[in-house]
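In the numbering used here, the protein residues as written are 21 to 600.
Step one of this worksheet: look at the structure below.
Here it is, written out as structure tokens:
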């Protein structure tokens with residue numbers, strides 16, 4: 021689909037061949053750096069299916085490497101992003117492919133440059149030089165192509181007819197993946213809502229020897245497992261239960277957070293490989309049709325976008341484009357090797373510093389691929405910048421240490437060690453945590469406003485930039501107005517950091533919503549402070565800037581804030597509401 025959109029943007033007429041995508045689960049929901057940037061660039065109108073991926077955590081025995089994926093915080097990073105014509109990103113992306121793919125397909129085939137044929141490729145005729153002369157289709161038709169891009173991934177609709185050699189990158193794996201949904205009455209947040217977790221499972225500990233993953237997708241979670249293909253003694257449902265138990269045993273509480281409907285898909289045999297050629301006389305193997313590496317590398321989507329980005333130039337200047345494209349895809353063997361090591365190493369023998377260095381190497385490789393990728397993008401200046409940055413990175417000894425950190429903790433305390441969840445050992449603090457989550461759900465419009473009585477004292481005091489407002493009723497008036505007039509809708513609010521000091525709590529909350537006008541996703545993080553009395557909030561500290569996501573930057577000024585308070589008061593006078 022991305023190749024079709026790229027050709028359409030270049031105003032190149034083309035034919036898209038293949039069956040329509042069906043509803044269902046798909047792999048490729050946790051993206052790397054290049055994939056995240058490209059997904060936003062190619063399909064900005066589908067950003068409502070995107071979620072932030074701010075970190076990735078690798079669990080190996082009693083050690084965890086956590087990599088911070090906000091690469092925009094340093095001046096050097098921001099300068100590099102701008103030089104490559106990217107806006108500095110605060111996070112990579114998670115994407116719900118079960119919904120995204122169907123909508124992206126309809127957008128692509130609606131373009132006047134795209135002609136769509138709903139049929140499978142059943143045969144290929146080639147000339148003496150290996151070029152494709154005819155494509156035979158399942159509906160009886162034949163096509164004589166100028167160039168063929170095989171983006172059919174594991175189907176290998178064209179690739180399997182080309183007589184190419186496949187080099188194995190490891191043994192066959194059995195893979196299953198599932199979507200878990202929240203129960204209808206469950207609105208509890210979870211601290212790992214923007215972090216991909218990859219967990220090495222151990223037979224002596226978890227009853228399985230493999231690698232599991234957890235990808236949060238808002239109201240649902242994506243869970244998967246990869247283990248040796250020879251393990252067929254358990255069915256998919258039993259494997260899923262053991263996988264969830266292993267994730268829960270690391271303190272992630274997946275089963276209780278997502279206790280609703282489950283949908284599971286099994287793949288009995290998945291091999292990792294790389295073809296000996298990515299490009300022929302008039303054909304290109306796109307992304308994972310050319311190579312399949314460990315899913316944990318998060319590179320499948322980005323590999324497909326690489327083919328899309330260079331597709332117009334593959335037609336105009338194949339001599340230059342083909343070797344750069346193939347060189348870029350072959351670099352995916354490096355992160356594959358790291359994950360293959362995680363899959364097979366004995367966790368008890370792993371040195372923590374070596375584990376951390378491998379995490380830093382993954383980040384360095386991601387940045388290196390981004391620089392080389394620029395050489396495939398359109399524009400001489402951009403390509404020259406990519407060459408200079410790639411050469412500089414290859415020559416210099418850049419230190420990527422600090423992006424990843426090492427945690428040593430027993431398995432059942434690993435989530436607490438990552439997210440600072442020391443409160444969960446104290447029953448009172450655990451109840452307060454659940455109460456605060458309900459307050460955030462009420463602010464987001466998920467829970468009924470009347471429920472606030474259970475979580476906030478009637479004479480609560482709210483401090484905002486030197487001003488103090490007393491009374492739960494005033495707080496409710498603000499929230500009523502905000503829910504009707506905020507600049508964003510489909511709001512989610514989740515705790516991402518928590519500092520508990522008895523009754524005094526310091527909280528960082530991530531807010532994300534979709535603009536009412538334009539539909540773009542907006543995200544922010546805010547700092548709040550609460551003082552508890554029993555199990556209800558007695559005092560709160562906030563600031564005007566915490567509400568820019570809802571009302572825009574105008575409330576920064578005293579005049580703008582006073583005008584907002586006036587509108588809130590007038591609106592509440594003229595509307596009838598439930599009692600607070």
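All residues carry an ideal CB built from backbone N, CA and C; glycine is no exception.
All values derive from a computational prediction rather than experimental measurement.
Close Cβ partners of residue i (< 6 Å) along its chain, the five nearest in sequence each way excluded
{"i": "residue 583", "result": "none"}
{"i": "residue 599", "result": "Bear in mind that a pLDDT of 37 at residue 599, under 50, signals an unreliable position, so the model cannot answer this."}
{"i": "residue 342", "result": "299"}
{"i": "residue 489", "result": "482"}
{"i": "residue 544", "result": "531 and 569"}
{"i": "residue 26", "result": "328 and 331"}
{"i": "residue 403", "result": "395"}
{"i": "residue 252", "result": "none"}
{"i": "residue 561", "result": "483 and 549"}
{"i": "residue 437", "result": "427 and 429"}
{"i": "residue 287", "result": "195"}
{"i": "residue 516", "result": "528 and 530"}
Nonlocal neighbours in the same chain, by C-beta distance under 8 Å from residue i, ignoring five residues either side
{"i": "residue 158", "result": "139, 140, 141 and 142"}
{"i": "residue 168", "result": "152, 155, 178, 302, 303 and 304"}
{"i": "residue 443", "result": "Low local confidence applies: a pLDDT of 40 at residue 443 is under 50, so the model's placement there is unreliable, and no value is given."}
{"i": "residue 592", "result": "497, 500 and 501"}
{"i": "residue 207", "result": "Confidence is the limiting factor: at residue 207 the pLDDT is only 47, short of 50, which leaves the residue's position unreliable, though a coordinate-based value still follows. Taken in chain order, the residues that qualify are 457, 458, 461, 466 and 467."}
{"i": "residue 368", "result": "81"}
{"i": "residue 351", "result": "385, 388, 389 and 392"}
Under 9 Å between C-beta atoms of residue i and residue j
{"i": "residue 347", "j": "residue 392", "result": "yes"}
{"i": "residue 218", "j": "residue 362", "result": "yes"}
{"i": "residue 601", "j": "residue 234", "result": "In the structure as shown, the chain starts at 21 and stops at 600, and residue 601 therefore has no counterpart that could be examined."}
{"i": "residue 68", "j": "residue 534", "result": "yes"}
{"i": "residue 603", "j": "residue 137", "result": "In the structure as shown, the chain starts at 21 and stops at 600, and residue 603 therefore has no counterpart that could be examined."}
{"i": "residue 55", "j": "residue 325", "result": "yes"}
{"i": "residue 263", "j": "residue 244", "result": "yes"}
{"i": "residue 174", "j": "residue 285", "result": "no"}
{"i": "residue 146", "j": "residue 181", "result": "yes"}
{"i": "residue 464", "j": "residue 513", "result": "yes"}
{"i": "residue 549", "j": "residue 526", "result": "yes"}
{"i": "residue 35", "j": "residue 172", "result": "no"}
{"i": "residue 508", "j": "residue 529", "result": "no"}
{"i": "residue 353", "j": "residue 475", "result": "no"}
Residue closest to residue i, alpha-carbon to alpha-carbon, out of the options
{"i": "residue 648", "options": "80, 545, 462 and 481", "result": "Since the first residue of the chain shown is 21 and the last is 600, residue 648 is not available in this structure."}
{"i": "residue 90", "options": "115, 57 and 41", "result": "57"}
{"i": "residue 256", "options": "196, 265, 423 and 34", "result": "196"}
{"i": "residue 551", "options": "483, 509 and 532", "result": "483"}
{"i": "residue 296", "options": "373, 285, 312 and 54", "result": "312"}
{"i": "residue 574", "options": "388, 506, 47 and 307", "result": "506"}
{"i": "residue 103", "options": "532, 373, 127 and 401", "result": "401"}
{"i": "residue 478", "options": "32, 163 and 493", "result": "493"}
{"i": "residue 280", "options": "262, 240 and 316", "result": "240"}
{"i": "residue 439", "options": "211, 378 and 332", "result": "211"}
{"i": "residue 308", "options": "71, 170 and 44", "result": "170"}
{"i": "residue 184", "options": "191, 176 and 190", "result": "176"}
{"i": "residue 383", "options": "399, 355, 372 and 373", "result": "355"}
{"i": "residue 250", "options": "265, 261 and 194", "result": "194"}
{"i": "residue 366", "options": "411, 223, 425 and 399", "result": "223"}
{"i": "residue 48", "options": "321, 22 and 589", "result": "321"}
{"i": "residue 409", "options": "165, 202 and 99", "result": "99"}
{"i": "residue 425", "options": "226, 78 and 33", "result": "78"}
Nearest-angstrom beta carbon gap, residue j and residue i [assumed within contact, 8 Å]
{"i": "residue 83", "j": "residue 270", "result": "So it is not a contact: roughly 12 Å between Cβ atoms."}
{"i": "residue 397", "j": "residue 329", "result": "6 Å"}
{"i": "residue 246", "j": "residue 231", "result": "5 Å"}
{"i": "residue 423", "j": "residue 88", "result": "6 Å"}
{"i": "residue 125", "j": "residue 42", "result": "Actually they are not in contact, since the Cβ atoms of residue 125 and residue 42 sit about 10 Å apart, beyond 8 Å."}
{"i": "residue 73", "j": "residue 51", "result": "7 Å"}
Own chain partners of residue i with C-beta closer than 7 Å, once the 5 adjacent residues on each side are dropped
{"i": "residue 268", "result": "274 and 275"}
{"i": "residue 186", "result": "293 and 295"}
{"i": "residue 46", "result": "117, 118 and 121"}
{"i": "residue 359", "result": "314, 316 and 317"}
{"i": "residue 149", "result": "301"}
{"i": "residue 567", "result": "575"}
{"i": "residue 111", "result": "72, 73, 74, 89, 90 and 214"}
{"i": "residue 190", "result": "292 and 360"}
Check: residue i C-beta below 8 Å from any heavy atom of the ligand MN
{"i": "residue 140", "result": "The ligand MN is absent from the structure shown, which contains no ligand whatsoever."}
Residue ranges of each alpha helix (DSSP H) run of no fewer than 4 residues wholly in the region 513-572, ordered along the chain? 568-571
So within the region 288-325, which uninterrupted beta strand (DSSP E) runs reach at least 3 residues, ignoring any that extend past its ends? 293-295 and 303-305
Ordered list of beta strand (DSSP E) runs contained in the region 52-137, each at least 3 residues: 70-73, 75-80, 83-88, 112-115 and 134-137
Any beta strand (DSSP E) of 3 or more consecutive residues that is wholly inside the region 228-261: 230-237 and 240-248
Mind pulling the beta strand (DSSP E) runs of 3 or more residues that sit fully within the region 161-196? 168-170 and 186-188
3-residue-minimum beta strand (DSSP E) runs that sit fully inside the region 323-405, ordered along the chain: As far as the region 323-405 is concerned, it has no whole beta strand (DSSP E) run of at least 3 residues.
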